[in-house]
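Below is one structure, written out as structure tokens; the observations come after it.
Chains as they are written, first to last, in this note's numbering: chain A, 7 to 238; chain B, -8 to 215; chain C, -10 to 209.
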């Protein structure tokens, strides 16, 4: 059910990732101040954008779930959020490396995107204890969806508040001069963004397929067990 | 719905007056934390951004204490089922709980603010009070709405107090930022009302979003 | 009044109720019997609209579950294991609260306090009262809104025999209401029932008139 179109998707992902890596290493310019480490920007920023997109998508899928009552939407929402949290770890790690390279510290507070990302990440980490401490599966799905929607609405508000409060030293990627990156940086960045997005969607589909398969297995097992006549 | 919300609120206020479980605890907590800050920062008087920060961090932590207890009576004595059996919209429950929390926060602040002025604040608090009031009210509203939602979310889990703490604090960061930033110029040695409008705007936006969102999703919680 | 067909409810992998099919006419009493864990309480809670059914069809008082649960509230009186009252408040305060939720006035509260014999101690907090007295107040809560359908889970537990008699007109056969009664008191329940539903491990063993001996088979 989820594996439709999977093959072309994975092929596209591999191609995109390979292209992106090639561009990052050979095409994009070497930064005068920050050197080679600056190239981590091509991983860090797309990862952050895709991760946030994943959180918001998880929230939208959760709305779908609550409105339709169809549990498969909750599974989709869960996987999206779950993958985004993992990406989030990557964002924080790469962000930290970049901060070290650019400003000499492993963490900087006057970088609004990184700071608000940390808060969002801390919030979403609570998704796991919330979800897995509710025993009834139907309730678990419903409460997780409520969380996903609340957290999804929180993301933009949080960014707004942090942004307003901090001085900006972070080179704002897409708002500088109306969204133009100099020369070779732009296509490299865009390809990386596409590659990261494709990677996310592929992993999302992969995990959904695997979950679906194991759920089907469980339900078959249950049906077999129910065949045994109950002793009265 | 309003009738039911009033009935639930009246019941909660009566319970609180009798058991005195939330407001005194929150107030005591706040005062204790002020003392901790005195020793931790080794300062006799604060002003400006440090004062604003201490004031608001303490209030928000006290709010967590209150939120954790918000549904305690229902959890322990099966009150939710009593409500589910009555012909009331669950939104009434949200309104009542959020209103109760709002009132509790106001009550705590009635003591906490003068205490803060006495114990830690350098500059005078009476002067900027009229500007401080809208900040307090808007912040309380946001905390009340989000707090009621988080409390309801946590009731289904095995460790509700823990989930409340972990969940509420990140969600309140925008409130903290806006309130502290709004308060900071008011508690400087030479107070002014810099950018008050902007931060009140942020608080209002937060309140609108979360009140609407909570009302929309609350129906999906609590029933089975 | 109640029409169940293949009702199903599960907790994750475990089945709580499966294939429950029974019809209860208006004014009749259904006794629900079975050992602990058979699903008696679960069934009552589904009928009360507290739990949603996961399969099969269920129509209670003309409202189909789970979609029309909200229509049940004014017409169903539920008395479960927990009294669903606040211990720190008094009997009168608790009943006043529920009366307000149902849109009833204080007179009804006074009426019921007298009917359950608690008018003398109506202003004491519940934590100062005995379990039997709390149970009386719980009965009052259940019939406060004069519901045509009563769902009673071990109603006579904690009650002394005198109290049991006093409450007859409210929750017994004499009340004329349709009743679903879950109980371990096999003989007593069958005495006052028109129909018996025997449950075992969530499945129904029978749904018709039954003898005490058949009912006791469920426990083996």
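Where is the CB? At the ideal position from N, CA and C, for every residue including glycine.
Just so it is clear, the structure is predicted and the values come from calculations on it, not from any experiment.
Strand pairing of residue -1 of chain C, partner residues [DSSP]: For the purposes of this step, residue -1 of chain C is taken as the residue at position 10 of the third chain. C/4.
Segment contact, 8 Å Cβ cut-off, at least three pairs: the segment 73 to 80 of chain C with the segment 41 to 56 of chain C: no
Rounded straight-line distance, which links the Cα of residue 166 of chain B to that of residue 182 of chain C: Translated into positions along the third chain, residue 182 of chain C becomes position 193. Translated into positions along the second chain, residue 166 of chain B becomes position 175. When rounded, the distance between both Cα atoms is 60 Å.
Rounded C-alpha distance that separates residue 257 of chain A from residue 69 of chain C: Lying before the first or after the last residue shown, residue 257 of chain A is absent from chain A, which here runs from 7 to 238.
Cβ neighbours of residue 10 of chain B in the same chain (closer than 7 Å, five flanking residues each side left out): Residue mapping note: residue 10 of chain B aligns to position 19 of the second chain, counting from 1. Around residue 10 of chain B: no qualifying Cβ.
Short Cβ contact (7 Å threshold) for residue 128 of chain C with residue 102 of chain C: For the purposes of this step, residue 128 of chain C is identified with residue 139 of the third chain, where counting begins at 1. For the purposes of this step, residue 102 of chain C is identified with residue 113 of the third chain, where counting begins at 1. Result no, Cβ atoms of residue 128 of chain C and residue 102 of chain C do not sit closer than 7 Å.
Contacts that residue 76 of chain A makes with chain C (C-beta to C-beta distance below 8 Å): Here residue 76 of chain A refers to the residue found at position 70 when the first chain is read from its first residue. Chain C residues near residue 76 of chain A: none, gap ~14 Å exceeds 8 Å.
Whole-number beta carbon distance between residue 132 of chain C and residue 33 of chain C, since they are thought to touch under 8 Å: Taking the first residue of the third chain as 1, we reach residue 33 of chain C at position 44. Taking the first residue of the third chain as 1, we reach residue 132 of chain C at position 143. Going by Cβ atoms, the distance from residue 33 of chain C to residue 132 of chain C rounds to 16 Å, so no, they are not a contact pair.
7 Å Cβ cutoff, residue 157 of chain B in contact with chain A: Taking the first residue of the second chain as position 1, residue 157 of chain B is located at position 166. Answer yes: the Cβ-Cβ gap between residue 157 of chain B and chain A drops below 7 Å somewhere.
Helix, strand or coil at residue -9 of chain C [DSSP, three-state]: Mapped onto the third chain, residue -9 of chain C falls at position 2. Three-state result, residue -9 of chain C: strand.
Straight-line gap, residue 104 of chain C to residue 76 of chain B (C-alpha atoms, nearest Å): The residue you call residue 104 of chain C lines up with position 115 of the third chain. The residue you call residue 76 of chain B lines up with position 85 of the second chain. Those two C-alpha atoms are separated by around 22 Å.
Close-in-space but distant-in-sequence residues of the same chain around residue 100 of chain A (CB under 8 Å, 5 per side omitted): Residue numbering aside, residue 100 of chain A sits at position 94 when the first chain is read from its first letter. So the list reads 46, 49, 50, 53, once near-sequence residues are dropped.
Proximity to residue 209 of chain B [Cα-Cα], best of B/69, B/99, B/156, B/140: To locate residue 209 of chain B, count along the second chain from 1; it is residue 218. Among B/69, B/99, B/156, B/140, the Cα nearest to that of residue 209 of chain B belongs to B/140.
Interface flag, residue 23 of chain C vs chain A, CB-CB below 7 Å: Mapped onto the third chain, residue 23 of chain C falls at position 34. So no, residue 23 of chain C is outside the interface.
Residue range of the unbroken alpha helix (DSSP H) whose run includes residue 215 of chain A: On the first chain, position 209 is the one that residue 215 of chain A refers to. Element bounds for residue 215 of chain A: 191 to 233.
DSSP three-state assignment for residue 114 of chain C, whether helix, strand or coil: Looking up residue 114 of chain C in the third chain gives position 125. Residue 114 of chain C: strand per DSSP, three-state reduction.
Those residues which DSSP pairs with residue 142 of chain C across a bridge: Locating residue 142 of chain C in the third chain gives position 153, where the first residue counts as 1. DSSP output for residue 142 of chain C lists C/171 as bridge partner(s).
Close beta carbons around residue 194 of chain A, own chain, < 7 Å, minus the five adjacent residues each side: As a first step, residue 194 of chain A is located in the first chain; it is residue number 188 there, counting from the start. Same-chain partners within the cutoff: 29, 30, 33, 34, 48.
Cβ-heavy atom distance, residue 201 of chain A to the ligand FMN, below 6 Å: For the ligand FMN, the structure offers nothing, since it holds no ligand at all.
Element boundaries [alpha helix (DSSP H), containing residue 208 of chain C]: Stepping through the third chain from its first residue, residue 208 of chain C is reached at position 219. Looking at the DSSP string, residue 208 of chain C is not in any alpha helix (DSSP H), and its letter there is neither H nor E.
Residue 34 of chain A in three-state terms, based on DSSP: As a working mapping, residue 34 of chain A is identified with position 28 in the first chain. The answer is coil: DSSP assigns residue 34 of chain A none of H, G, I, E or B.
Contact between the segment 153 to 164 of chain B and the segment 10 to 28 of chain B (3+ Cβ pairs under 8 Å): no
Where the segment 126 to 141 of chain A meets chain B: residues whose CB sits under 7 Å from a CB there: 128, 129, 132, 135, 136, 139, 140
Residue-chain proximity (residue 152 of chain A, chain B), Cβ-Cβ < 7 Å: Position 146 of the first chain, counting from 1, holds the residue named residue 152 of chain A. By this cut-off, residue 152 of chain A is an interface position.
Cβ-based neighbour list, residue 193 of chain B, same chain, cut-off 6 Å, excluding 5 preceding and 5 following: Within the second chain, residue 193 of chain B is the residue found at index 202, counting from 1. Here the set comprises 169.
CB of residue 160 of chain A within 7 Å of CB of residue 122 of chain A, strictly: Position 154 of the first chain, counted from the first residue, corresponds to residue 160 of chain A. Position 116 of the first chain, counted from the first residue, corresponds to residue 122 of chain A. Not a contact, by the Cβ cut-off of 7 Å.
CB contact check: residue 195 of chain A to chain B, cutoff 7 Å: Within the first chain, numbered from 1, the residue matching residue 195 of chain A stands at position 189. Chain B, which has no Cβ nearer than 7 Å to the Cβ of residue 195 of chain A, makes this no.
As assigned by DSSP and simplified to three states, the class of residue 189 of chain C: Numbered from 1 along the third chain, position 200 holds the residue referred to as residue 189 of chain C. Residue 189 of chain C falls in the strand class under three-state DSSP.
Neighbour-count burial assignment, residue 163 of chain C, 16 or more Cβ in a 10 Å radius: Position 174 of the third chain, counting from 1, holds the residue named residue 163 of chain C. It is exposed - the Cβ of residue 163 of chain C has fewer than 16 other Cβ atoms within 10 Å.
Members of the segment 70 to 86 of chain C near chain B, C-beta cut-off 8 Å: 71, 72, 73, 74, 75, 76, 77, 78, 82, 86
Limits of the unbroken alpha helix (DSSP H) element including residue 23 of chain B: Within the second chain, numbered from 1, the residue matching residue 23 of chain B stands at position 32. That run of the alpha helix (DSSP H) goes 14 to 32.
Residue 67 of chain C - containing beta strand (DSSP E), residue span: Numbered from its first residue, the third chain carries residue 67 of chain C at position 78. Counting along the chain, the beta strand (DSSP E) containing residue 67 of chain C begins and ends at 65 to 68.
Beta-carbon neighbours of residue 144 of chain B, restricted to chain A and to distances below 9 Å: Here residue 144 of chain B refers to the residue found at position 153 when the second chain is read from its first residue. By Cβ distance, chain A contributes 136, 149, 152, 153, 156.
Simplified DSSP state of residue 1 of chain A, which is helix, strand or coil: Nothing about residue 1 of chain A can be read from this structure; chain A reaches only from 7 to 238.
Environment of residue 121 of chain B [buried if 16+ CB atoms lie within 10 Å]: For the purposes of this step, residue 121 of chain B is taken as the residue at position 130 of the second chain. When all chains shown are included, residue 121 of chain B counts as exposed.
Close Cβ partners of residue 43 of chain C (< 6 Å) along its chain, the five nearest in sequence each way excluded: The sequence position of residue 43 of chain C within the third chain is 54, counting from 1. Excluding sequence neighbours, residue 43 of chain C sits near -3, -2, -1.
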